[in-house]
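Here the structure is laid out as structure tokens; the discussion comes afterwards.
Protein chains: 2
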Amino acid sequence: MDASPSASSAARVQIALGERSYPIVIGAGLFDAPDSYAGLPRAASALIVTNTTLAPLYAGRLQQALAGRYGAVHTVVLPDGEAYKTWETLNLVFDALLSHGCDRKTVLFALGGGVVGDITGFAAASYMRGVPFVQVPTTLLAQVDSSVGGKTGINHPLGKNMVGAFYQPQLVVCDLGVLKTLPPRELGAGLAEVIKYGPIADAAFLDWIEAHLDALRAGDPAALAHAVRRSCEIKAEVVGQDEREGGLRAILNFGHTFGHAIEAGLGYGAWLHGEGVGCGMVMAARLSARLGLLDEPAVARIARLVERAGLPTVAPVLDAADNAGRYLALMRLDKKAEAGEIKFVLIDGIGKAVVRGAPDALVREVIDASCA
Amino acid sequence: MDASPSASSAARVQIALGERSYPIVIGAGLFDAPDSYAGLPRAASALIVTNTTLAPLYAGRLQQALAGRYGAVHTVVLPDGEAYKTWETLNLVFDALLSHGCDRKTVLFALGGGVVGDITGFAAASYMRGVPFVQVPTTLLAQVDSSVGGKTGINHPLGKNMVGAFYQPQLVVCDLGVLKTLPPRELGAGLAEVIKYGPIADAAFLDWIEAHLDALRAGDPAALAHAVRRSCEIKAEVVGQDEREGGLRAILNFGHTFGHAIEAGLGYGAWLHGEGVGCGMVMAARLSARLGLLDEPAVARIARLVERAGLPTVAPVLDAADNAGRYLALMRLDKKAEAGEIKFVLIDGIGKAVVRGAPDALVREVIDASCA
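Going line by line, the protein sequences match chains E and G. If you read the first sequence in numbering that gives the first Met the number 0, its first letter stands for residue 0, the second for the next number, and so on. If you read the second sequence in numbering that gives the first Met the number 0, its first letter stands for residue 0, the second for the next number, and so on.
This is the structure:
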């Protein structure tokens, strides 16, 4: 057993949900250190779920780290990308579990970004009506957002994440070392979810992000460590108060109502999720301003930061004939919508979010002003 | 509003699960009486999920009963039969929900037998990560077993109910009137799950079933009312103690380990689920006897009752070359199995069940002695 010094210096954020509580550990060199998994119950088998891009880089190292805890450690390799966040891909996980004779004690390990994490989590929620799972997020986006909080699921052609479960992992291992190999476009997409936490919850964190954005884009380890930790702390605070999104938790969806419409409207995978969220935050900030909640300098501040992160701030045209109508139709399928009324996460002064409806005419103006 | 007299005389069994508690109401003339649904929250829309056999009989009447509570009541009609308890059929429900713009408040109504109930429950668990649903079971099997307790799911080619969720309904409406049109084969299949409750939990109920089996097969309303009520009471007691099958709840699977192997081995739908369970109970009783838990007269008593219910007591050959091996392989995929050891629900004297493993050699003897 390798008692890695980085493991012992890891930061720890606790998600407090009673009997479903679990830790997020954050540090370099964690994912392939057997000690990182010391708190998990032993079992006859484990299944690593990863994708074609990550398998050659990391699957063998994780398998080795887990070999001492499980009688057999199997691996299933999924196709890479949001376009594959489908039932067909999910079913590959069930096929692997059943063909290896995995039982109710089998532990699933999600080794990958948001797509792998969401699919693995939903597979764990559903296989034999629930088996334990662990998140090992390999992208910044997954480390600061999607691996934490128990939202799992797959896409439907008509809407993103429409089929899924609230299902918490046993543990989240955020290894900052793996971010070194992350392509710049993926790093930028992750920064969208980091930036998000400022406007919705923490004005001081927004100041910090502005001061450290260049360091973050350059992959500076200390800056990334702080960004991941503070993001997880804010998310833990919100999820601990509202696990199943009865209310407060919806604020974490800032930028996502517009963003999901872009993703679904262009076809999953054309824009990265974080790119949709980045552009969506600018649109939601503009809508906040039109409703008198936010002043124009604050809108410009958010737009500038999104741009500095390398993310798009001009929204795509989804329908040449009736672009705003197409956006509205897609957003009416948003999970926050109720009786056909779209609910937007809006910024009521930097550091505070509100969730509310808005007149279609105002939303159309924002779409028209935001599209290329 | 039709304040049906039968609704007011309905029996009521409560499933006590804290904030997930709900009532089962049992009586004649309930399913199309608006009052039966009076306790449910109002919403903009509802979706009735039913099948091709039941839609012409009952869907319109349920729709009318719900019209006053929901702005729109939609219906989706699934193909009928265990062979369709698949992802493809489940997806028809998601397609309907999304094409009608259903939101997180939309209520699903499962109008049908076990297949419709299991699919609808899993759809409700997964659509937007969870919407409310109501069970309106139309078969005896669904009324006494599958609609109660929150086990939902679909089959995988390699095993029954391998993908699903524990997800409780808001309400179960058992209308004894609809059992009048149930084909005799379906009624017999339901009796398997009624008989089950005697050996595992209630010797006096087994005596009662023996005395009233002819009345039950003839569709006698008073006999059916008692059978449904007592079955639901026993199930409520067990589920209230162990919602997620950490231990005790597994006793409800008496006959199901062998039965599921028969169902999967023959191809879903060849035997009805209740037929597999009936034959499986005889096999499990024989295994109990070989392990010294049950005496031969008690085994004969269970076999005789299964036979009187019109259910098979001779098991099918699943593989001419290695029949017992095929049964064992299928049973090793059972959800109760752990590290490759099959766990059987065995009878330790009438009225008491135990869950434990058994030597392969003994299991093989039972299979050999039970197959045609």
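Glycine included, each C-beta is placed from N, C-alpha and C at the ideal position.
Distance from residue 191/E to residue 70/E at the Cβ level is roughly 41 angstroms; contact not present, criterion being Cβ atoms closer than 8 angstroms.
Approximately 6 angstroms separates the beta-carbon atoms of residue 215/G and residue 226/G; this is inside 8 angstroms, confirming the contact.
Residue 237/G places its beta carbon 8 angstroms or farther from that of residue 23/G. Between residue 335/E and residue 353/E, the C-beta spacing is not below 8 angstroms. 8 angstroms or more divides the Cβ of residue 307/G from the Cβ of residue 317/G. Per DSSP, the unbroken beta strand (DSSP E) holding residue 44/G starts and ends at 42-50. Closer than 8 angstroms to the CB of residue 336/G there is at least one CB belonging to chain E.
Taken in chain order, the members of the segment 312-336 of chain G whose beta-carbon sits within less than 7 angstroms of a beta-carbon on chain E are 331, 332, 334, 336. With a cutoff of 8 angstroms on beta-carbon distance, residue 110/G and residue 77/G are scored as not near each other. When 8 angstroms is used as the limit between beta carbons, residue 238/E is near no residue of chain G, the shortest such separation being about 13 angstroms. In the DSSP assignment, residue 73/E falls within the beta strand (DSSP E) that extends over 69-77. Annotation: the continuous beta strand (DSSP E) that includes residue 136/G extends over 132-136. A straight-line Cα-Cα distance of about 31 angstroms links residue 47/E and residue 310/E.
Residue 92/E and residue 75/E have their C-alpha atoms some 7 angstroms from each other.
Straight across, the Cα-Cα distance linking residue 186/G with residue 288/G is about 29 angstroms. Considering only 95/G, 114/G, 51/G, the residue with the shortest C-alpha distance to residue 81/G is 114/G.
Listed in chain order, the alpha helix (DSSP H) elements of length 4 or more contained wholly in the segment 138-174 of chain G amount to none. DSSP places residue 22/E in the strand class (E or B) of the three-state scheme.
Classified as buried, residue 167/G has 16 or more neighbouring CB atoms from the shown chains inside 10 Å of its CB. For residue 154/E, the nearest beta carbon of chain G is not closer than 8 angstroms to its own beta carbon. Ranking 155/G, 65/G, 371/G, 130/G by CA distance to the CA of residue 35/G puts 65/G first. The segment 125-132 of chain G and the segment 95-105 of chain G touch, with three or more beta-carbon pairs separated by less than 8 angstroms. As DSSP reads the structure, residue 62/G sits in no beta bridge. For residue 198/G, the number of other beta carbons within 10 angstroms of its own is at least 16, and it is reported as buried. The DSSP assignment places complete alpha helix (DSSP H) segments of no fewer than 4 residues inside the segment 179-255 of chain G at 183-200, 202-216, 220-240, in order along the chain. For residue 234/G, no CB of chain E lies under 8 angstroms from its own CB, so it is not counted at the interface with that chain.
Ranked by Cα distance from residue 219/E, the first of 371/E, 39/E, 180/E, 319/E is 180/E. Nearest CB-CB separation between residue 90/G and chain E: below the 8 angstroms threshold.
DSSP lists 162/G as the bridge partner or partners of residue 126/E. For residue 162/E, the chain G residues whose Cβ falls inside 7 angstroms of its Cβ are 93, 125, 126, in order along the chain. According to DSSP, residue pairing for residue 271/E in a beta bridge does not occur. Within the same chain, 113, 116 come within 6 angstroms of residue 145/G by CB-CB distance, once the 5 residues on both sides are set aside. Contact check for residue 349/G against residue 297/G passes: the beta carbons are separated by less than 8 angstroms. For the C-beta of residue 129/G, the chain E residues within less than 8 angstroms are, from N- to C-terminus, 164, 165, 243. A Cβ-Cβ separation of about 22 angstroms leaves residue 154/E out of contact with residue 234/E under the 8 angstroms criterion. For chain G, the residues of the segment 97-118 of chain E that bring a beta carbon within less than 7 angstroms of one of its beta carbons are 97, 100, 102, 103, 104, in chain order.
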